[in-house]
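As you go down the protein sequences, you meet chains S and Y in turn. One point on numbering: in full-length UniProt numbering, the residue at position 65 of the first sequence is 65, and numbering is uninterrupted. One point on numbering: in full-length UniProt numbering, the residue at position 68 of the second sequence is 68, and numbering is uninterrupted. Scroll down for the structure; my scribbles are underneath it.
Number of protein chains: 2
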Amino acid sequence: MNTTTLNALAEPRRLQMIELLRDGPLTVGEIADRLGLRQPQASKHLKILSESGLVEVRAEANRRIYRLRPEPLMEIDNWLESFRGMWEERFDRLSDYLKHLKKSGDSPNSKEEFE
Amino acid sequence: MNTTTLNALAEPRRLQMIELLRDGPLTVGEIADRLGLRQPQASKHLKILSESGLVEVRAEANRRIYRLRPEPLMEIDNWLESFRGMWEERFDRLSDYLKHLKKSGDSPNSKEEFE
DNA sequence: CGGGAATATTCCAGTCAAGGAATATTATTG
DNA sequence: CAATAATATTCCTTGACTGGAATATTCCCG
Chain S
1 MNTTTLNALA EPRRLQMIEL LRDGPLTVGE IADRLGLRQP QASKHLKILS ESGLVEVRAE
61 ANRRIYRLRP EPLMEIDNWL ESFRGMWEER FDRLSDYLKH LKKSGDSPNS KEEFE
Chain Y
1 MNTTTLNALA EPRRLQMIEL LRDGPLTVGE IADRLGLRQP QASKHLKILS ESGLVEVRAE
61 ANRRIYRLRP EPLMEIDNWL ESFRGMWEER FDRLSDYLKH LKKSGDSPNS KEEFE
């Protein structure tokens, strides 16, 4: 997995921008308005998003229209694939745990040992 | 989405740790060894992973065994869900694009306008 | 060409995160 | 209890990131 994508997303404002752009392309000014940012900050964050490939720009007259690019998010999704097996394991363990409770009548202890 | 999870993953060493732990729990020393880190750095990074919930610790005698927790990764996966529609859109646009090429015989231009 | 709107860039100050080295802590063993 | 192994914590320094304010750039329009 690529760290630059995660790094770009790890900043609250930028994450908000990505979520905003999920519903369609937006202008710098619109983004700044909706997030309560000053324009320069918006531009700076958008630059980082752009450099990370999470966003692409189209110039239209005076304006710059930013649009979400799916590829980096797809890459994360793909990376998560290798962990999905774990979740099922966890589900198995949960059902084992429930069975255990039923059998022994112990009070549930959240600090119980794993493994 | 939660920024702290992304922040924890955005550091290369920590991301490597998560990938290491995908194959099972490990000791601090083992993690440090496999990643070529000094022990204090390993402990510091593991602390951050632990505080973000990506990892849990079990004390066994002298050792601390770190184990991956799936929940934060599941949360990311869940967050991505809201973007999955976009990918299909993109596929549609790609097939439109291919049709367009076939019809007009233009040379492919990677800088073509979106929308 | 001049003015104004939309956006980008620069400079600065404050804060935060990471590595290095040293030290503290905890548990084992004899 | 002393010695040692495994791990955590602290202190320090340095580099990176963020926001603010000011300024530069680009483009449209009359």
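All C-beta atoms, glycine included, are put in the ideal place defined by N, C-alpha and C.
* Just the C-alpha distance for S/Arg63 and Y/Leu49, rounded to the nearest angstrom, thanks. => As a position in the first sequence, residue 63 of chain S is number 63, starting the count at 1. As a position in the second sequence, residue 49 of chain Y is number 49, starting the count at 1. Between S/Arg63 and Y/Leu49, the C-alpha separation is close to 41 Å.
* Cβ-based neighbour list, S/Leu9, same chain, cut-off 6 Å, excluding 5 preceding and 5 following -> On the first sequence, position 9 is the one that residue 9 of chain S refers to. If we look at S/Leu9 and ignore the five residues flanking it on each side, its Cβ neighbours are Leu15.
* Consult DSSP for Y/Ala61 and reduce its assignment to one of helix, strand or coil. => Here residue 61 of chain Y refers to the residue found at position 61 when the second sequence is read from its first residue. The answer is coil: DSSP assigns Y/Ala61 none of H, G, I, E or B.
* Asked: Are there three or more Cβ pairs, one per stretch, closer than 8 Å when the segment 33-49 of chain S is compared with the segment 77-91 of chain S?
  -> no
* Would you decide whether Y/Pro40 is buried or exposed? Buried here means 16 or more other CB atoms lie within 10 Å of its CB. => If you number the second sequence from 1, residue 40 of chain Y lands on position 40. By the neighbour-count rule (16 or more Cβ atoms within 10 Å), Y/Pro40 is not buried but exposed.
* Other residues of its chain near S/Ala32: CB distance less than 6 Å, five sequence neighbours each side excluded -> In the first sequence, residue 32 of chain S corresponds to position 32, counting from 1. Here the set comprises Gln39, Ala42.
* To do: Find out if the Cβ-Cβ distance for the pair S/Arg67, S/Pro12 is shorter than 7 Å.
  => Here residue 67 of chain S refers to the residue found at position 67 when the first sequence is read from its first residue. Here residue 12 of chain S refers to the residue found at position 12 when the first sequence is read from its first residue. No.
* **C-beta contact flag for S/Ser52 and S/Thr5 at 7 Å** => Here residue 52 of chain S is taken as the residue at index 52 of the first sequence, counted from 1. Here residue 5 of chain S is taken as the residue at index 5 of the first sequence, counted from 1. Result yes, Cβ atoms of S/Ser52 and S/Thr5 sit closer than 7 Å.
* Asked: In this structure, does DSSP put Y/Asp106 in helix, strand or coil?
  -> Looking up residue 106 of chain Y in the second sequence gives position 106. The pLDDT assigned to Y/Asp106 is 47, lower than 50, so where the model puts this residue is not dependable, and the model offers no usable value.
* To do: Check whether the Cβ atoms of S/Trp79 and S/Met1 sit closer than 7 Å, and answer yes or no.
  => Here residue 79 of chain S refers to the residue found at position 79 when the first sequence is read from its first residue. Here residue 1 of chain S refers to the residue found at position 1 when the first sequence is read from its first residue. Yes, these two residues count as a Cβ contact at 7 Å.
* **Residue from S/Leu73, S/Gly29, S/Glu60 whose Cα sits closest to the Cα of S/His45** => For this step, residue 45 of chain S is matched to residue 45 along the first sequence. S/His45 has its Cα closest to that of S/Gly29, out of S/Leu73, S/Gly29, S/Glu60.
* Asked: Quick one: Cα of S/Ala59 to Cα of Y/Glu19, how far?
  -> For the purposes of this step, residue 59 of chain S is identified with residue 59 of the first sequence, where counting begins at 1. For the purposes of this step, residue 19 of chain Y is identified with residue 19 of the second sequence, where counting begins at 1. Using only the alpha carbons, I get a separation of about 40 Å.
* Would you please verify whether the beta carbon of S/Asp23 is less than 7 Å from any beta carbon of chain Y? => As a working note, residue 23 of chain S is residue 23 in the first sequence. S/Asp23 does not count as touching chain Y.
* Asked: For S/Ala61 and chain Y, any beta-carbon pair shorter than 7 Å?
  -> On the first sequence, position 61 is the one that residue 61 of chain S refers to. Judged by the 7 Å Cβ criterion, S/Ala61 is not in contact with chain Y.
* Asked: Should Y/Arg69 and Y/Glu89 be called a contact, given that it needs their Cβ atoms to be closer than 7 Å?
  -> One-based indexing of the second sequence puts residue 69 of chain Y at position 69. One-based indexing of the second sequence puts residue 89 of chain Y at position 89. No, the Cβ-Cβ distance between Y/Arg69 and Y/Glu89 is not below 7 Å.
* Inter-residue CB distance, Y/Ile76 and Y/Thr27 (contact presumed, cutoff 8 Å) -> What you label residue 76 of chain Y is simply residue 76 of the second sequence in a count that begins at 1. What you label residue 27 of chain Y is simply residue 27 of the second sequence in a count that begins at 1. Contact doesn't hold; Cβ gap of about 26 Å is too wide.
* Should S/Ala32 be flagged as near chain Y, meaning a C-beta pair shorter than 7 Å? -> Position 32 of the first sequence, counted from the first residue, corresponds to residue 32 of chain S. Output row for S/Ala32: interface = no.
* residue 181 of chain Y: contacting residues in chain S (beta-carbon distance under 8 Å) -> Residue 181 of chain Y lies beyond the range of chain Y shown here (1 to 115); nothing can be said about it.
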